[in-house]
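Take the sequence shown: its position 419, counted from the start at 1, is 421 in this note's numbering, and no numbers get skipped.
Glycine included, every Cβ here is placed at the ideal spot set by N, Cα and C.
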Amino acid sequence: MYESDTIAAIATPAGPGSIGVVRASGPTAEHLARGVFQRHRPGAWLSHRLYGGRILAGDGTPLDDGLAVLMRAPRSYTGEDVLELQCHGSPVLVQRVLQSLLSRGARPARPGEFTQRAFLNGKLDLAQAEAVADLITARTGDAASVAADQLFGRLSAHLGDLRTELIRAKGHLEACIDFSEEDLGVDVAELAADLDRVRTNVGALLRTYARGRLLRNGLHVAITGRPNVGKSSLLNALLGSERAIVTEQPGTTRDIIEESADFDGIPVVLADTAGLRDSDDAVERIGVERARRVAAAADVVLVVLDTARPLAGQETLLEDGSIAVLNKIDLPTAWRPEEIAAIEARHPAVRVSATVPRGLDALRQVVIRRAGGALTDQLPTLTSARQHDALVKVEVSLTHALGALREGLPPDLVAVDLQAALDHVGAVTGLVTSEDVLDAVFREFCIGK
Numbered sequence: 003m004y005e006s007d008t009i010a011a012i013a014t015p016a017g018p019g020s021i022g023v024v025r026a027s028g029p030t031a032e033h034l035a036r037g038v039f040q041r042h043r044p045g046a047w048l049s050h051r052l053y054g055g056r057i058l059a060g061d062g063t064p065l066d067d068g069l070a071v072l073m074r075a076p077r078s079y080t081g082e083d084v085l086e087l088q089c090h091g092s093p094v095l096v097q098r099v100l101q102s103l104l105s106r107g108a109r110p111a112r113p114g115e116f117t118q119r120a121f122l123n124g125k126l127d128l129a130q131a132e133a134v135a136d137l138i139t140a141r142t143g144d145a146a147s148v149a150a151d152q153l154f155g156r157l158s159a160h161l162g163d164l165r166t167e168l169i170r171a172k173g174h175l176e177a178c179i180d181f182s183e184e185d186l187g188v189d190v191a192e193l194a195a196d197l198d199r200v201r202t203n204v205g206a207l208l209r210t211y212a213r214g215r216l217l218r219n220g221l222h223v224a225i226t227g228r229p230n231v232g233k234s235s236l237l238n239a240l241l242g243s244e245r246a247i248v249t250e251q252p253g254t255t256r257d258i259i260e261e262s263a264d265f266d267g268i269p270v271v272l273a274d275t276a277g278l279r280d281s282d283d284a285v286e287r288i289g290v291e292r293a294r295r296v297a298a299a300a301d302v303v304l305v306v307l308d309t310a311r312p313l314a315g316q317e318t319l320l321e322d323g324s325i326a327v328l329n330k331i332d333l334p335t336a337w338r339p340e341e342i343a344a345i346e347a348r349h350p351a352v353r354v355s356a357t358v359p360r361g362l363d364a365l366r367q368v369v370i371r372r373a374g375g376a377l378t379d380q381l382p383t384l385t386s387a388r389q390h391d392a393l394v395k396v397e398v399s400l401t402h403a404l405g406a407l408r409e410g411l412p413p414d415l416v417a418v419d420l421q422a423a424l425d426h427v428g429a430v431t432g433l434v435t436s437e438d439v440l441d442a443v444f445r446e447f448c449i450g451k
């Protein structure tokens, strides 16, 4: 599982930049430092001290003036000796610095291998390691905040408290099993109350996943409707910029226009689609077909309805789960009150004006409520399917334990379910895990982290 060799990788994003960072970790990091970096002021290499000097190619040719820092174990990200080289951010130059390290015996790091070593060396638990990847890929402030919360160990500490309660309960059961001849007995009511409290806490934690999943994965929202109902105007209004062309001519939007937005901290991809109608225009027909495919694959579908012209079958596009966007409320309405009431009775509906604009914040809130729960500061937030699945198993195991306890089954049978719950709690933080799970987690990382 763990190779104690020295790995190296570029740690900064691809493309030109002011600075490029190349990182190496492993037992020969200090040897690499002495070979690849010629200090301006020779002397002993002190840990966590930044030195200036020349970065050298494999044949000793100077590549750049840069900086180097050697972080000796265990006071480093990976828990091993780590060398970081900082050079100018030309992609060609950064690649040559990496090649210099590789030519001196380091091997290319696999995706996530630095963080995997940090986990294996006890610098991070598995939930914190996942948070590193979430923090790197966060697309909104809320997503970054939740990832940082996990990285700082809030979820791990909360699960640690639950685990302590389960260990206490299991210990009491095992004492009854080991000293059965002394008739210690089990206070069924008290133990059941303790387990039920833990199960309730787990259930509350599971409910945070609705929001956490959206923060991590984002939300795809399709904007659909008849031609000229204001779909492109709505896209522009939600983005706060003129991204889509808006004209009075029906069928202006032929292809899918996708743009990213922030809905109350949730990363959202908005897709403006072609107006849905029958057409003799071959290109428009292709656009309509694409619009239907995008809507079918979306997490949330907004059906834009034009209240300034007669309803005339616009509502036939509404399906179960779609949100009715009653647009152009700044203009005199052509709808009868009972028509509006009928749509609002059957579907989530929001009255907006894409041109004024009005009602956009309310629309954002309806979209988020439709897709997931609200963020709470009372509990840490689950963000990965792996965490969620493990805690579902904890809840199931506790339900089985409570059932066995209330049915008067022997303590050793109750203890089996409690141990299963403990194992599943440990799986979230990596106390109980397998090599396959670790591979699945860390292969999602970028190389160099």
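Taking the alpha carbon of ARG228 as the point to measure from, which residue in ALA406, THR318, LEU161, ARG119 has its own alpha carbon closest? As a first step, residue 228 must be located in the sequence shown, where it is residue number 226. Nearest C-alpha to ARG228: THR318.
Nearest-angstrom Cα distance between VAL200 and LEU411? Counting from one through the sequence shown, the residue named residue 200 turns up at place 198. Counting from one through the sequence shown, the residue named residue 411 turns up at place 409. Rounded to whole angstroms, VAL200 to LEU411 spans 20 Å at the Cα level.
Tell whether a beta-carbon distance below 9 Å holds between VAL352 and GLY361. Counting from 1 along the sequence shown, the entry for residue 352 is found at position 350. Counting from 1 along the sequence shown, the entry for residue 361 is found at position 359. Taking 9 Å as the Cβ cut-off, VAL352 and GLY361 qualify as a contacting pair.
Under the three-state reduction of DSSP, which class applies to HIS90: helix, strand or coil? Mapped onto the sequence shown, residue 90 falls at position 88. HIS90 falls in the strand class under three-state DSSP.
Taking buried to mean at least 16 other C-beta atoms within 10 Å of its own C-beta, is GLY22 buried or exposed? Along the sequence shown, one-based indexing puts residue 22 at 20. When all chains shown are included, GLY22 counts as buried.
Taking its Cβ as the centre, do 16 or more other Cβ atoms sit within 10 Å of LEU48, making it buried, or is it exposed? Taking the sequence shown and counting its residues from 1, the one referred to as residue 48 is at position 46. It is exposed - the Cβ of LEU48 has fewer than 16 other Cβ atoms within 10 Å.
Which term fits THR249, buried or exposed, when burial requires 16 or more other beta carbons within 10 angstroms of its beta carbon? Within the sequence shown, residue 249 is the residue found at index 247, counting from 1. Model confidence at THR249 stands at a pLDDT of 48, short of 50, so the residue's coordinates are unreliable and nothing is read from them.
Can you check which of these residues, LEU161, ARG366, ARG98, is closest to VAL271 by C-alpha distance? As a first step, residue 271 is located in the sequence shown; it is residue number 269 there, counting from the start. Answer by Cα proximity: ARG366.
For ALA224 and VAL303, believed in contact at Cβ under 8 Å, the rounded distance: In the sequence shown, residue 303 corresponds to position 301, counting from 1. In the sequence shown, residue 224 corresponds to position 222, counting from 1. Yes, they are in contact, since the Cβ atoms of VAL303 and ALA224 sit about 5 Å apart, within 8 Å.
From the DSSP output, which residues share a beta bridge with HIS222? Counted from its first residue, the sequence shown places residue 222 at position 220. VAL271, per the DSSP bridge assignment.
Under the three-state DSSP convention, the category VAL231 falls into: Numbered from 1 along the sequence shown, position 229 holds the residue referred to as residue 231. If DSSP states are grouped into helix, strand and coil, VAL231 belongs with coil.
At what residues does the beta strand (DSSP E) containing PRO44 begin and finish? For the purposes of this step, residue 44 is identified with residue 42 of the sequence shown, where counting begins at 1. It is not in any beta strand (DSSP E) - PRO44 carries neither H nor E in the DSSP assignment.
Between which two residues does the alpha helix (DSSP H) containing VAL427 stretch? If you number the sequence shown from 1, residue 427 lands on position 425. From DSSP, the alpha helix (DSSP H) with VAL427 extends over 413-431.
Determine the DSSP secondary structure at SER355, reduced to helix, strand or coil. On the sequence shown, position 353 is the one that residue 355 refers to. In the structure shown, SER355 sits in a strand (DSSP, three-state: E or B).
Would you give the residue range spanned by the beta strand (DSSP E) that ASN329 belongs to? Working through the sequence shown from its first residue, we reach residue 329 at position 327. Here the beta strand (DSSP E) through ASN329 covers 325-329.
Assuming contact is defined by CB atoms lying nearer than 9 Å, are ARG445 and ARG41 in contact in what I supplied? As a first step, residue 445 is located in the sequence shown; it is residue number 443 there, counting from the start. As a first step, residue 41 is located in the sequence shown; it is residue number 39 there, counting from the start. Cβ atoms of ARG445 and ARG41: not closer than 9 Å.
Would you check if there are 3 or more beta carbon pairs closer than 8 Å linking the segment 84-99 to the segment 25-32? yes
Roughly how many angstroms separate the alpha carbons of GLY450 and ILE138, rounded to a whole number? Against the sequence shown, residue 450 aligns to sequence position 448. Against the sequence shown, residue 138 aligns to sequence position 136. Answer to the nearest angstrom: the Cα atoms are 12 Å apart.
Does the pairing of the segment 165-175 with the segment 416-433 give three or more beta-carbon distances under 8 Å? yes
Mind checking GLY124: buried by the 16 CB within 10 Å criterion, or exposed? In the sequence shown, the residue the question calls residue 124 occupies position 122. Exposed.
Looking only at C-alpha atoms, which of MET73, SER78, CYS89 sits nearest to GLY54? Counting from one through the sequence shown, the residue named residue 54 turns up at place 52. GLY54 has its Cα closest to that of CYS89, out of MET73, SER78, CYS89.
For GLU82, which three-state DSSP category applies? Start at 1 with the first residue of the sequence shown, and residue 82 comes out as number 80. Note: GLU82 maps to coil in three-state DSSP.
Got a sec? Which residues, its chain only, sit under 6 Å from GLU341 by beta carbon, not counting five neighbours each side? For the purposes of this step, residue 341 is identified with residue 339 of the sequence shown, where counting begins at 1. For GLU341, where only same-chain residues beyond five positions count, the Cβ hits under 6 Å are LEU313.
For GLU446, does the three-state DSSP call read helix, strand or coil? For the purposes of this step, residue 446 is taken as the residue at position 444 of the sequence shown. GLU446: coil per DSSP, three-state reduction.
Please say whether LEU72 and HIS50 have beta carbons closer to each other than 9 Å? For the purposes of this step, residue 50 is identified with residue 48 of the sequence shown, where counting begins at 1. For the purposes of this step, residue 72 is identified with residue 70 of the sequence shown, where counting begins at 1. For HIS50 and LEU72, yes; Cβs fall inside 9 Å.
Relative to the C-alpha of VAL434, which residue among PRO44, ASP127, VAL96 is closest? Here residue 434 corresponds to residue number 432 of the sequence shown, with the count starting at 1. Among PRO44, ASP127, VAL96, the Cα nearest to that of VAL434 belongs to ASP127.
Check whether GLY323 and ILE268 have beta carbons under 9 Å apart: Along the sequence shown, read from residue 1 onward, the residue named residue 323 stands at position 321. Along the sequence shown, read from residue 1 onward, the residue named residue 268 stands at position 266. Here GLY323 is not near ILE268, since their CB atoms are 9 Å or more apart.
Output needed for ARG292: all residues of its chain with C-beta closer than 6 Å, excluding positions within five of it in sequence on either side, in chain order. The count along the sequence shown starts at 1 and reaches residue 292 at position 290. Excluding sequence neighbours, ARG292 sits near ILE258.
Is ARG348 helix, strand or coil when you go by DSSP? Counting from 1 along the sequence shown, the entry for residue 348 is found at position 346. In this structure, ARG348 counts as helix in the three-state DSSP scheme.
Can you have a look at ARG298 and say buried or exposed, based on whether 16 or more other CB atoms are within 10 angstroms of its CB? Counting from one through the sequence shown, the residue named residue 298 turns up at place 296. In the sequence under discussion, the amino acid at residue 298 is Ala, which differs from the Arg named in the question. Around the beta carbon of ALA298, fewer than 16 other beta carbons sit within 10 angstroms, so the residue counts as exposed.
Would you mind giving the Cβ-Cβ distance between LEU384 and LEU104, rounded to the nearest angstrom? I have them listed as a contact below 8 Å. Residue 384 sits at position 382 when you count from the first residue of the sequence shown. Residue 104 sits at position 102 when you count from the first residue of the sequence shown. With a Cβ gap of about 39 Å, LEU384 and LEU104 do not count as contacting.
Report the rounded CA-to-CA distance for GLY60 versus VAL439, giving the unit in angstroms. Within the sequence shown, the letter at position 58 stands for residue 60. Within the sequence shown, the letter at position 437 stands for residue 439. Cα to Cα, GLY60 sits roughly 37 Å from VAL439.
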